[in-house]
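All remarks here apply to the structure that follows.
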Amino acid sequence: MIIVDPVVLGDVPFMRASAKWVYDRTGTLVQVPANTIGVTYDPADLSKAPWALLEAAATNIALQSEAFDDARWGKNGVTVSPNAIAAPNGALTADKLVESLSSSGHYVDQTITINGSSQYTRSIFVKAGERGQVRLEMYSVPTVGARANISFDIASGTFFGEASAAGVVQTYSALRLPNGWWRLFQTFNLGTADTSCFFRVCLLGPGGASVYQGDGTSGAYVWGAMMGEGSYVATISAAVTRAADVVGAGSGLVYSNVPMVEPPYNVATTYAKDAAVYDPATKLVYLSMVAGNVGKALSDPAFWNKRTAINRWAMFDDRNSTQTSNPEEIVSVFSAQAITQGLFAGAMDASEVRVSMTHPTRGLVYSETKSLVLPRSGSSFFGWCFNRLRLRTWFLTLKLPVFANALVTVAIKKPGGVPKCGMCLLGPTIDVGLSLMGLSTELKDYSTTTFFTDGSSSTVERGFSKKMSVDLLIDSDRVETIEDDLIKRRQKTLVFLGSTMRGDTMLVGRFSSLRKVIDSFPRSKIALQIDGVLSQ
Numbered sequence: 014m015i016i017v018d019p020v021v022l023g024d025v026p027f028m029r030a031s032a033k034w035v036y037d038r039t040g041t042l043v044q045v046p047a048n049t050i051g052v053t054y055d056p057a058d059l060s061k062a063p064w065a066l067l068e069a070a071a072t073n074i075a076l077q078s079e080a081f082d083d084a085r086w087g088k089n090g091v092t093v094s095p096n097a098i099a100a101p102n103g104a105l106t107a108d109k110l111v112e113s114l115s116s117s118g119h120y121v122d123q124t125i126t127i128n129g130s131s132q133y134t135r136s137i138f139v140k141a142g143e144r145g146q147v148r149l150e151m152y153s154v155p156t157v158g159a160r161a162n163i164s165f166d167i168a169s170g171t172f173f174g175e176a177s178a179a180g181v182v183q184t185y186s187a188l189r190l191p192n193g194w195w196r197l198f199q200t201f202n203l204g205t206a207d208t209s210c211f212f213r214v215c216l217l218g219p220g221g222a223s224v225y226q227g228d229g230t231s232g233a234y235v236w237g238a239m240m241g242e243g244s245y246v247a248t249i250s251a252a253v254t255r256a257a258d259v260v261g262a263g264s265g266l267v268y269s270n271v272p273m274v275e276p277p278y279n280v281a282t283t284y285a286k287d288a289a290v291y292d293p294a295t296k297l298v299y300l301s302m303v304a305g306n307v308g309k310a311l312s313d314p315a316f317w318n319k320r321t322a323i324n325r326w327a328m329f330d331d332r333n334s335t336q337t338s339n340p341e342e343i344v345s346v347f348s349a350q351a352i353t354q355g356l357f358a359g360a361m362d363a364s365e366v367r368v369s370m371t372h373p374t375r376g377l378v379y380s381e382t383k384s385l386v387l388p389r390s391g392s393s394f395f396g397w398c399f400n401r402l403r404l405r406t407w408f409l410t411l412k413l414p415v416f417a418n419a420l421v422t423v424a425i426k427k428p429g430g431v432p433k434c435g436m437c438l439l440g441p442t443i444d445v446g447l448s449l450m451g452l453s454t455e456l457k458d459y460s461t462t463t464f465f466t467d468g469s470s471s472t473v474e475r476g477f478s479k480k481m482s483v484d485l486l487i488d489s490d491r492v493e494t495i496e497d498d499l500i501k502r503r504q505k506t507l508v509f510l511g512s513t514m515r516g517d518t519m520l521v522g523r524f525s526s527l528r529k530v531i532d533s534f535p536r537s538k539i540a541l542q543i544d545g546v547l548s549q
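Residue numbering for the sequence shown follows the working numbering, beginning at 14 and increasing consecutively.
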């Protein structure tokens with residue numbers, strides 16, 4: 014049996030003094046407000062799990078990053094058609110570089126102040142037009158021989174024709190976006206003492222030629238030039254800095270896309286009858302019992318009616334009968350501040366769960382996508398075609414990497430519907446021995462039925478809970494340690510995994526009885542009675 018010992022979750026502060034651009038679930042660039050963590054998708058593969066994007070501060074020193082018709086961008090053999098098509102952020106702001114009729118190089122460039130002996134990263138978004146190949150050139154000024162050039166075929170997504178001077182070090186990569194866009198990255202060190210360079214974007218002609226006879230109409234699309242690290246930073250007339258991401262101390266929820274409907278309780282506010290508020294400490298909703306309700310403690314039942322947890326926190330309370338719901342997907346980011354290998358989600362109505370882990374310095378270290386759709390064929394054509402689609406109501410992973418200060422992102426999806434989740438628990442795992450055959454579960458219904466003399470009856474429907482009895486086989490030299498571990502966790506809600514292969518032996522609850530049997534050398538037994546949390 015494996016036990017997941019959940020960490021206690023609270024609210025974890027997050028700070029970033031500026032906005033930030035990330036990719037949403039459609040692969041579109043969207044801006045995240047200041048002091049909100051950026052959760053991004055891989056635009057090249059939207060089926061992957063989203064992750065919390067943690068970055069250091071970075072400055073874009075390329076000016077007019079989206080306006081190549083501006084005078085800061087020099088033109089040679091090209092004209093710029095501004096706002097020609099939709100950019101990667103969906104706005105009509107991408108420009109087209111249109112080649113002239115001359116036989117020459119066809120490019121735009123900008124002179125940028127640098128330290129020639131330092132390493133830099135630049136990037137730009139490109140999309141094919143009539144011309145499907147471009148070249149990025151970086152020349153030191155005035156040492157023109159110090160250069161780092163790469164050519165890119167937009168249709169095939171491949172680089173070719175790398176050219177760099179002796180002593181110049183460069184690496185490069187490309188990220189595919191939807192709708193034909195690519196973001197090209199180039200990291201280089203020109204190795205000179207010069208203080209400026211050309212940031213140049215060239216159209217390439219037939220056969221990848223950099224000098225060719227233009228036709229006056231052909232070209233390619235560009236957007237979002239950046240001289241700086243990481244996620245995109247837009248500029249106009251001055252350099253712009255994206256502030257560093259800073260996760261506050263403590264374990265808990267860093268981000269959720271589930272909106273907060275009820276306002277937090279304010280002792281100075283006057284509330285109308287039936288007005289709803291929530292307690293920031295407990296995350297429980299309270300309804301006002303009277304009109305003109307002001308200054309009354311939430312614990313006073315004459316003035317406030319305690320309800321369940323707010324929607325955002327329903328999946329983190331001690332009941333699986335309260336569910337968090339949100340259209341399309343529920344996205345949550347946790348800071349465990351502990352080594353956490355296990356994640357369990359239950360009481361779900363969803364089609365897919367995606368989990369990722371992000372380390373502050375190593376980046377994305379884990380990603381998993383799991384479909385909750387169960388096979389329905391029964392090895393028959395009729396079953397495949399006509400059986401009702403069934404969804405698994407739980408998700409479990411014990412594979413999270415061993416990092417104490419990483420962030421875990423969980424996305425629960427139901428495209429076209431409203432996903433729901435009643436339990437989400439994250440924590441370290443404990444191996445308490447081998448579950449023996451004979452493990453049993455039962456359902457305890459707390460409803461009551463009253464029978465009357467005329468034979469009729471009346472039923473008061475209440476909740477139910479699941480119970481499990483399991484015998485564990487343990488090496489005798491570990492019995493005392495495991496017993497102590499369990500005693501320390503009595504009256505704590507845990508995830509008990511009788512078998513990781515069978516969902517019906519997974520139970521969220523507390524053990525009510527522990528019986529130790531010194532059976533034989535070298536192994537002994539522990540018998541556990543486990544009471545699940547209340548369900549409706």
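For glycine and all other residues, C-beta sits at the position ideal for the given N, C-alpha and C.
Counting only unbroken stretches of 3 or more residues, the beta strand (DSSP E) elements lying wholly within the segment 82-157 are 87-89, 91-98, 107-112, 116-126, 133-140 and 146-154, in sequence order. For residue 149, the closest alpha carbon among the candidates 161, 468, 278 and 270 is that of 161.
In the DSSP annotation of this structure, the continuous segment of the alpha helix (DSSP H) that includes residue 494 starts and ends at 492-501. As DSSP reads the structure, residue 161 sits in a beta bridge with 151 and 177. The alpha-carbon separation between residue 319 and residue 362 amounts to approximately 26 angstroms. Inter-residue distance for residue 404 and residue 355 is about 22 angstroms (C-alpha atoms, whole angstroms).
Remark: three or more beta-carbon pairs, one from each stretch, lie closer than 8 angstroms, so the segment 58-69 and the segment 374-385 are flagged as touching.
Less than 8 angstroms divides the Cβ of residue 91 from the Cβ of residue 113. Between residue 258 and the set 214, 372, 308 and 111, the nearest pair of CA atoms involves 372. For residue 370, the uninterrupted beta strand (DSSP E) segment begins and ends at 365-372. Contact between residue 343 and residue 270 holds: their C-beta atoms lie close to 7 angstroms from each other, under 8 angstroms. Here the segment 289-300 makes contact with the segment 272-280; the two share three or more CB pairs at distances below 8 angstroms. When the five nearest sequence neighbours on each side are left out, the beta carbons in the same chain lying within less than 8 angstroms of the beta carbon of residue 505 are those of 18 and 523, in order along the chain. Within 10 angstroms of the beta-carbon of residue 123 lie 16 or more other beta-carbons, which makes it buried. In the structure shown, residue 326 falls within a helical segment according to DSSP collapsed to helix, strand and coil. Residue 24 carries a strand assignment under DSSP once its states are collapsed to helix, strand and coil. Collapsing the DSSP output to three states places residue 191 in a helix. When beta bridges are read from the DSSP output, residue 342 appears opposite 426.
Rounded to the nearest angstrom, the Cβ distance from residue 74 to residue 240 is 5 angstroms, consistent with a contact under 8 angstroms. Of the other Cβ atoms in all chains shown, 16 or more fall within 10 Å of the Cβ of residue 101; this residue is therefore buried.
For residue 513, the closest of 313, 367, 130 and 448 by C-alpha to C-alpha distance is 448. In this structure, residue 415 sits away from residue 495, with a CB-CB distance that is not shorter than 8 angstroms. Burial check for residue 357: the Cβ neighbour count within 10 Å reaches 16 or more, so the residue is buried. Listed in chain order, the non-local C-beta contacts of residue 458 below 6 angstroms within the same chain comprise 477, local neighbours out to five positions each way being set aside. DSSP, read as helix, strand or coil, puts residue 535 in coil. Excluding sequence positions up to five before and after residue 250, its CB lies within less than 8 angstroms of the CB of 76 and 77, all in the same chain and listed in chain order. By alpha-carbon distance to residue 45, the top candidate from 198, 246 and 493 is 246. Taking 8 angstroms as the upper bound for CB-CB distance, residue 265 and residue 24 are in contact here, some 6 angstroms apart. A residue is called buried once 16 or more other Cβ atoms fall within 10 Å of its Cβ, and residue 305, having fewer, is exposed.
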